[in-house]
Structure formats: structure tokens, C-alpha cells
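A.B. asks:
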Amino acid sequence: MNASQAKTNVKSKMKVSDEVVIEISNMNKWFGHFHVLRDIDLIVNKGERIVICGPSGSGKSTLIRCINRLEEHQKGIIKVDDVELNDDVKKIDKIRSEVGMVFQSFNLFPHLSALENCTLAPIWVRKMPKKDAEELAMKYLEIVKIPEQALKYPGQLSGGQQQRVAIARALCMEPKIMLFDEPTSALDPEMIKEVLDTMIELAEDGMTMIVVTHEMGFASKVANRVIFMDEGQIIEQNSPKEFFNNPKSDRTKLFLSQIIDH
Amino acid sequence: MESKYSFVRKDIVNEQPPPLTQVGVTGWLWRNLFSSMSNFNSLTSSILSILMILLTIWLVYFCGGLLYSVIDFAIISAVWSDPDGIKRKVCATVKQGGDLPADWYGACWPFIFAKKKFLIYGRIPTEELWRANLIYAGLVLGMGYIIWEKGQGRKWVGLFMLTVFPIISLILLTGANFKINNSLFISTGVLFLLSFLLGYFSSRNFLGEVLEQFSILFNFISLILFSFFVLLVLFSIDYGLEPIDTLDWGGLLLTLLIAITGIVASLPFGVLLALGRRSNMPVARLLCTMFIEFWRGIPLITVLFAASVLIPLFLPSGADVDKLLRAVIGIILFSSAYMAEVIRGGLQAIPRGQYESASAVGLSYSQSMRFIVLPQALTHVLPGIVNTFIGLFKDTTLVSIIGIFEVMGIFRAASQDANWGSHVQHSTSYLVAAIVFFVFCFGMSRYSIYIENKLSRDNK
């Protein structure tokens, strides 16, 4: 639970600016007849670390997947960096290169080495020369602390290492915002720590992060806001301290009691 | 913490050698040959073991007998030379006017040697054979260099073999110097200029937002028109080569030409069709599905007959498309449909997460297909792709029924030569044809297995 006890002053290092980077208003989404997201309103400032939690099926993942348009919303407005998300392919490409995403199941490209996983997008999307892209990739592989695995293929790496490569791959596009979709749910307990440590370092460097996770230790250490979702709605959002110690809604209380009581 | 389980091992057991039935020669023999055969523990397993032993003995006997009769036909009883040049009599029995015993049955190799040129080149005139030889040499050198892993710049050699080499080969084989209508030249040129300008201006957004989205399409069309224009020019030049009619091409040369053209063309078409069939755009999906189902639904023989008999009826008089070209196009369309379904299988094996993470890092549709999806999908279905290639290679034999003399057709024609009339010519021809096809198909199969192993070694 306590991802990094040594870093007690994590939060004091991290600043939140007034600049709005994500603005979601009155957003709705359906899967067929199923109303997954209902009237979502959310404003994210630059440098914020937001943790989204909630029971499974509550729409947490769908919400962050809407932010880089892996899912389409049907009603309402999503603005990322003042660009509104609609069918315009160019805008979507621009937003995707500014928003990094880390998946629960890593989704590394198995036929490419760790280094190639990281350099692919800089070379072909940013049109960076191969050499520069490799330097950049090595820089981020060092940040996630696995430069020595650069030439290995995903199949040769442990789950934690794969997830850190996935983080480096996303960082190589030098995104303004990072989305994490349950990044530690598929990992063994020992590996959870190495991934969370990497994420804490990112937060310290001022990255804007939205993290869907059940790691409540991480939430209370790093997040400046915790959002609780259920049945496709944002039920409650508050600072972690208030959220954990003084939850307002009954649904939140029930959820917290279920995940903490064992 | 007190525990009620108090067993603690006092001395650690050292590593010990495995039982003899696990390792070495005895181990191999035991595991692969005798482990189940000697299982007499129950009545059923005893009966099964005895049956298996009998079946093995019978199989060895049967296959051995079969093998012996082939060797007997091809080597022991075969006639190897015709020193006196007596042609058919050298392979004839006493009854047929020769010297061989009445029950003689063996291969007639002098017949094959005599027809060698015919089998390899078809009816290309002897003084023009150097042109075909040049193509054979280019093919062997080029393919050899691509297969040879230490070669520098194999990519460029591959590109040369796919683009320049086929054009040179066709110029060499046909002799070029085609009389091409001026109107064809002019219309191609004008269309090219038009599409080029459209592409140029639309990509720079002079023509509005709507057309900008089509700039890639315009550029693609202008590239095709440009290549077509260049081809028209190249084939209208007089290189001083004697023209050779495509119906005189034949034998192994023609089989390789049809097969390689079919293989090289069906792969990209198959990829496009497979992507189209899985596309989100309903029109593209419908068109691709209809195309695939149509071509898969009719037999190749029908396609070839249609190409040779029906299409000329529909063409305006005077417009003549070469018969061989029609057959080759038919084969390409036919095998593309098969290829598309094989590749679609590979595409379906790629998890959705791969598409998602490719889009999440900002790759466009074509980039994610090119770098992420297709490399994985094609690797998955490599056995199926090579299977289709091998099928295509053997299906080329069917063109012989519309009067195009590839290997099978030429063997049939050769064995009907009255100068060599004998009861063994057909068998000898078919044996050689079988060997030729086996060598090529087995080669493809082994090479694909090598590539499969190499790819899986690289990725693990």
C-alpha cells in the first residue's frame, strides 16, 4: 500500500498551476443502449495528479479513454489543451501525441525491442532522426531505470519491467498529460512498487497525471485530488485526506470500507 | 510463531543422473519407439501394441516396395542414353520394334534429354535463348543474394528484383517495340498531369478542406499513372530485339513467370483486400467482401476459360489483350482472394490492445498497420501464406488446358511427339514434372520454416 515511505515530502515538491489542460463538460457516452458515462464534468489543471477509483464497471477506464479518443463520446464537450475532440482526424492525432497512455496489460509491441518500442513514434510521428530518437529513448529508459534492458524484447521482460518500458514509450512523445489505466492491476506485489515508484518520480517532475487505480497508498501519497465514480457518474471528488478520512456519500463509504477492510 | 508442522530436512540430496530411459540414444529410442509398444500391462494395451507392431512392419514393407518400384523405374530399368540416335526405338520393346524385352517398364531419359530445351524454354527460337538465359541468371543471382543473409543492401536488391527486374525481363522476353496508340500515350499523360496537379495543390490546402483529405489518393493515382506512362514508353522503344510471341513462351520459364508474378502480386492485393474487409467503412468492406467471395466461389478452371474464351467476346474488336496476360490476371485475382482470407486470419489474431497502444502513441492508421499490425499478423500466418503460394505454384499447371504450355502442358505436348512414341514417355514426363514441382514447393516450404524459426528466435 505505501508505495514510497521514504518520500514523505512528495507533495510539497509538486505544484499545480492555474492553466487548464483538460476540460470536460456535460459529457455522455453510450455503448449501444448502455449509458456508460453520464453527465461528466471535470476540469484538470496543469500539474495535477488525479486518482480515479470506483467499483469495476463504473466507467473509470472509459472516461480516461475518452480523453485521447480511444473511445468516442456522444454528447458534451471534451477539450484537451484547448482543442475540442471531434471527428477531425488531425486534431485527434495532435492530441494523441500530447497525451501519453499506459495500459493495464502494457500493450507493448512484441515484435520490437524495448528501445524500438520507444523510438517508433518519435521517428514516425515526430519525424525525429533515428539517432536522436534513440538518445531520447535511452534517456527515458534510464528514468524508468531499465536502460540495460533496451535491446530485449517484451517477452523477455518481467511484468514490472514491461510496464516501465510502456511508461518510457509514452514519455518519449514528451506528452503534457499522462493517462494511466490501472497500471499495476496486472502485476505481482513486488513489481507494483517499482512501477509506482516510477510514477511518483514522474509526479515530482510536474507531470499532469490521471490515474485509474486501486492503490490507495499511492492516491494518498501523490494525488492532489481523488475522484470516486460509480454507475458512470462522478460521485465524489476531494483531496485525498478528506476523501479517505471523511467521505461524504454512502456509496463512497461502502466502497472504501470494502477495499480497506482486509 | 509456533507451527505444528515440524518436519525439517536434515541432509540435502545431491543432484543425481537421470534414468537411462530419459537421455542419450537409449532414451531417444525408448521415448520415440518403444515406450508404448512394450506396454503389455492390460489386455487392450497388449492388443494395441501388437497391432501397432504389425502396422509398422506392414508400412515399412509397403513403403519400401513403393520406393523400390520408383527407383527401379527411374534408375535400374531406365534407358540412359541413345548413342545411335534411333530415338523412339531406344525405348521400345520387341513388340514395338525395339530391342527391349516385352515386359520392360522404365524411364526413357534420352527422351527427356532430347526435349530439354523445349521443357526449359518452350518454343523460343534457339538464337534468342540468351534472353531467357539472362532472365534465369538474374533470377538465380537476385534471389540467391536476398536469401544469403550476409549480403549488404539486401533491401535494395529486393526492391530491384520487385521493380526493375520484372520490367527488364518482360522487355527481354517480348522484345518490346510495341505499336502503342498515340491516343493512349496522350490520355495517360494528361490524366497523370491532372492527378499530379490535384495532388500537389490539395496537399497544400489550396483547394479547400474537403479535397485536402483526398490528397493522398490523388498522389497515389498520379504515381500509378506515372508508372504506367513510363511502362508505355519503355515498351514502345525499339531495342533491336526480335519479337517473341507469348504463345511461344513455355516450359519451366513460363511456369516460373506465372507463379512468381502471381505470388508477388497476390500478397499486396491480399493485404489490401483483408484490410478492406475489416475496415470500418461499409462501402469498402462490402466491395472487398464481394470481391473475395466471388473469386473464392468459382473454380480456377472457370476463371481461365473465361479469360481465354469469354473476355475476347466482350472486348471491342481490334482491342486485343494478350491471352497469357489475361490468364495471369485471372490467376492473380483468384489467388489474391485466397491470400486475403489467410491474412485476415492473422489480423484477427492481433489483440485490440495493439491497435489501441499504436493509436495512443500517435501513429496514424497506415503507420500502425505498417509497423505494428501487419508485421505481427503476417508472421502469425506465414505457414498459411506459404501454403497459398505453394497452391498457386501448382495451380499454374491448369493454364495448360487453355493452350498455354507451362511445364505440364509442354510435357504432354512432348510425349505426343511421334518420333518418340513409346509406352513410357508419359510416365517419364510425369515423373520429371513431379520432381520439378516437388523441388520448388519443398524449397519454398523449407525456406518458410527457416524464416519462421528465425523470426521466433529474434522475438524471444
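Just so you know, the protein sequences line up as chains A and B, in that order. Offset between the first sequence (1-based) and the numbering used here: plus 38. Offset between the second sequence (1-based) and the numbering used here: plus 467. The beta carbon of each residue, even a glycine, is placed where N, CA and C say it ideally should be.
Find the nearest neighbour of A204 of chain A within the set A:D243, A:L150, A:F141, A:I238, judged by alpha-carbon distance.
C.D. replies: Within the first sequence, the letter at position 166 stands for residue 204 of chain A. Answer by Cα proximity: A:F141.
A.B. asks: Is any beta-carbon of chain A found at less than 8 Å from that of P842 of chain B?
C.D. replies: Numbered from 1 along the second sequence, position 375 holds the residue referred to as residue 842 of chain B. Closer than 8 Å: yes.
A.B. asks: Once you ignore the five residues that flank I924 of chain B on each side, which residues in its own chain have a CB closer than 7 Å to its CB?
C.D. replies: Position 457 of the second sequence, counted from the first residue, corresponds to residue 924 of chain B. In the sequence on display, residue 924 of chain B carries Arg and not Ile. Excluding positions up to five away in sequence, the list is empty.
A.B. asks: Could you run through the segment 835-859 of chain B and flag, in chain order, every residue whose CB is less than 8 Å away from some CB of chain A?
C.D. replies: Result list: F838, I839, P842, Q843, T846.
A.B. asks: Quick one: grab the DSSP three-state call for D566 of chain B.
C.D. replies: In the second sequence, residue 566 of chain B corresponds to position 99, counting from 1. Of the three classes helix, strand and coil, the one that applies to D566 of chain B here is coil, per DSSP.
A.B. asks: Between the C-alpha atoms of L526 of chain B and W495 of chain B, what's the straight-line distance to the nearest angstrom?
C.D. replies: Here residue 526 of chain B is taken as the residue at index 59 of the second sequence, counted from 1. Here residue 495 of chain B is taken as the residue at index 28 of the second sequence, counted from 1. C-alpha separation (whole angstroms): 21 Å.
A.B. asks: According to DSSP, simplified to helix, strand and coil, what is K53 of chain A?
C.D. replies: In the first sequence, the residue the question calls residue 53 of chain A occupies position 15. If DSSP states are grouped into helix, strand and coil, K53 of chain A belongs with coil.
A.B. asks: Where does A643 of chain B fall in DSSP's three states?
C.D. replies: Here the question's residue 643 of chain B lines up with position 176 in the second sequence. A643 of chain B falls in the strand class under three-state DSSP.
A.B. asks: Checking 8 Å against the spacing of the C-beta atoms, do G467 of chain B and A751 of chain B come in under that value?
C.D. replies: For residue 467 of chain B there is no data in the structure shown, the boundaries of chain B being 468 and 927.
A.B. asks: Grab me the residues of I725 of chain B's own chain with a C-beta within less than 7 Å of its C-beta, minus the 5 sequence neighbours each way, in chain order.
C.D. replies: Mapped onto the second sequence, residue 725 of chain B falls at position 258. Excluding sequence neighbours, I725 of chain B sits near V795, I798, T863, V866, E873.
A.B. asks: Is there a C-beta anywhere in chain A that falls below 8 Å from the one on Q821 of chain B?
C.D. replies: The residue labelled residue 821 of chain B in the question sits at position 354 within the second sequence. Judged by the 8 Å Cβ criterion, Q821 of chain B is in contact with chain A.
A.B. asks: Nearest-angstrom Cα distance between G589 of chain B and I877 of chain B?
C.D. replies: Along the second sequence, read from residue 1 onward, the residue named residue 589 of chain B stands at position 122. Along the second sequence, read from residue 1 onward, the residue named residue 877 of chain B stands at position 410. Approximately 7 Å between the Cα atoms of the pair.
A.B. asks: Using a threshold of 8 Å, state whether the C-beta atoms of C558 of chain B and G565 of chain B are closer than that.
C.D. replies: Residue 558 of chain B sits at position 91 when you count from the first residue of the second sequence. Residue 565 of chain B sits at position 98 when you count from the first residue of the second sequence. Yes, Cβ-Cβ distance for C558 of chain B and G565 of chain B is below 8 Å.
A.B. asks: Quick one: Cα of G138 of chain A to Cα of G813 of chain B, how far?
C.D. replies: Stepping through the first sequence from its first residue, residue 138 of chain A is reached at position 100. Stepping through the second sequence from its first residue, residue 813 of chain B is reached at position 346. Each residue's alpha carbon lies about 28 Å from the other.
A.B. asks: Which first and last residues belong to the beta strand (DSSP E) in which L80 of chain A is found?
C.D. replies: The count along the first sequence starts at 1 and reaches residue 80 of chain A at position 42. That run of the beta strand (DSSP E) goes 72-83.
A.B. asks: Under 7 Å Cβ to Cβ from S802 of chain B, same chain only, skipping five residues before and after it: list those, please.
C.D. replies: Within the second sequence, residue 802 of chain B is the residue found at index 335, counting from 1. So the qualifying residues of the chain are G729, S733, T855, L859.
A.B. asks: From which residue to which residue does the beta strand (DSSP E) around L217 of chain A run?
C.D. replies: On the first sequence, residue 217 of chain A is found 179 positions in, with the first residue counted as 1. Note, L217 of chain A: beta strand (DSSP E), 215-219.
A.B. asks: Closest to S915 of chain B by CA distance: which of B:S894, B:I852, B:I704, B:L739 is it?
C.D. replies: Reading the second sequence from its first residue, position 448 is the one you call residue 915 of chain B. If we check each option's Cα against that of S915 of chain B, B:I852 comes out closest.
A.B. asks: Hey, which unbroken runs of the alpha helix (DSSP H) at 4 residues or more fall wholly within the segment 773-818 of chain B?
C.D. replies: For the segment 773-818 of chain B, whole alpha helix (DSSP H) runs of length 4 or above, ordered along the chain, are 778-781, 790-815.
A.B. asks: Beta-carbon separation of A881 of chain B and L586 of chain B under 8 Å?
C.D. replies: Here residue 881 of chain B refers to the residue found at position 414 when the second sequence is read from its first residue. Here residue 586 of chain B refers to the residue found at position 119 when the second sequence is read from its first residue. Yes, these two residues count as a Cβ contact at 8 Å.
A.B. asks: Under the assumption that G609 of chain B contacts F578 of chain B (Cβ atoms under 8 Å), give the Cβ distance between them as a whole number of angstroms.
C.D. replies: By one-based count along the second sequence, residue 609 of chain B stands at place 142. By one-based count along the second sequence, residue 578 of chain B stands at place 111. That belief does not hold up - the Cβ atoms of G609 of chain B and F578 of chain B are roughly 33 Å apart, past 8 Å.
A.B. asks: DSSP three-state call for C530 of chain B: helix, strand or coil?
C.D. replies: On the second sequence, position 63 is the one that residue 530 of chain B refers to. Three-state result, C530 of chain B: helix.
A.B. asks: Counting only beta-carbon atoms, is F147 of chain A nearer than 8 Å to chain B?
C.D. replies: Stepping through the first sequence from its first residue, residue 147 of chain A is reached at position 109. So yes, F147 of chain A belongs to the interface.
A.B. asks: Which residues in the same chain have their Cβ closer than 6 Å to the Cβ of D789 of chain B, if we skip the five residues on either side of it in sequence?
C.D. replies: Here residue 789 of chain B refers to the residue found at position 322 when the second sequence is read from its first residue. These residues qualify, in order along the chain: T713.
A.B. asks: Is the CB of K921 of chain B under 8 Å away from at least one CB in chain A?
C.D. replies: In the second sequence, residue 921 of chain B corresponds to position 454, counting from 1. No, K921 of chain B lies away from the interface with chain A (no Cβ there is under 8 Å from its Cβ).
A.B. asks: Using DSSP's beta-bridge definition, name the partner residues of G589 of chain B.
C.D. replies: Here the question's residue 589 of chain B lines up with position 122 in the second sequence. Looking at the DSSP assignment, G589 of chain B forms a beta bridge with B:W716.
A.B. asks: Which one of B:L708, B:L660, B:L515 has the shortest CA to CA distance from S689 of chain B?
C.D. replies: Here residue 689 of chain B refers to the residue found at position 222 of the second sequence. With distances taken between Cα atoms, S689 of chain B lies closest to B:L660.
A.B. asks: On the DSSP letters alone, give me the boundaries of the alpha helix (DSSP H) that M875 of chain B sits inside.
C.D. replies: Walking along the second sequence from the start, residue 875 of chain B turns up at place 408. Per DSSP, M875 of chain B belongs to the alpha helix (DSSP H) from 874-882.
A.B. asks: Do K84 of chain A and V59 of chain A have their CB atoms nearer than 8 Å?
C.D. replies: Residue numbering aside, residue 84 of chain A sits at position 46 when the first sequence is read from its first letter. Residue numbering aside, residue 59 of chain A sits at position 21 when the first sequence is read from its first letter. The answer is yes: Cβ separation under 8 Å.
A.B. asks: On the premise that V264 of chain A lies in contact with V89 of chain A, defined as a C-beta separation below 8 Å, what is that separation, rounded to the nearest angstrom?
C.D. replies: To locate residue 89 of chain A, count along the first sequence from 1; it is residue 51. To locate residue 264 of chain A, count along the first sequence from 1; it is residue 226. About 5 Å; that satisfies the 8 Å criterion.
A.B. asks: Hey, would you say L791 of chain B sits closer than 8 Å to I868 of chain B, going by beta carbons?
C.D. replies: Here residue 791 of chain B corresponds to residue number 324 of the second sequence, with the count starting at 1. Here residue 868 of chain B corresponds to residue number 401 of the second sequence, with the count starting at 1. No, the Cβ-Cβ distance between L791 of chain B and I868 of chain B is not below 8 Å.
A.B. asks: What are the boundary residues of the beta strand (DSSP E) that includes E274 of chain A?
C.D. replies: Working through the first sequence from its first residue, we reach residue 274 of chain A at position 236. Residues 271-276.
A.B. asks: Of the choices B:A844, B:L719, B:E823, whose alpha-carbon is the least far from that of E109 of chain A?
C.D. replies: Residue mapping note: residue 109 of chain A aligns to position 71 of the first sequence, counting from 1. The shortest C-alpha separation from E109 of chain A is found at B:E823.
A.B. asks: Going by DSSP, what residue range makes up the alpha helix (DSSP H) through T655 of chain B?
C.D. replies: Start at 1 with the first residue of the second sequence, and residue 655 of chain B comes out as number 188. Looking at the DSSP string, the run of the alpha helix (DSSP H) that includes T655 of chain B is 649-670.
A.B. asks: Could you round the C-beta distance between R207 of chain A and C156 of chain A to whole angstroms and report it? I think they count as a contact, below 8 Å.
C.D. replies: In the first sequence, counting from the first residue as 1, residue 207 of chain A sits at position 169. In the first sequence, counting from the first residue as 1, residue 156 of chain A sits at position 118. Confirmed, Cβ separation roughly 5 Å.
A.B. asks: Taking only three categories from DSSP, how would you classify G605 of chain B?
C.D. replies: For the purposes of this step, residue 605 of chain B is taken as the residue at position 138 of the second sequence. Of the three classes helix, strand and coil, the one that applies to G605 of chain B here is helix, per DSSP.
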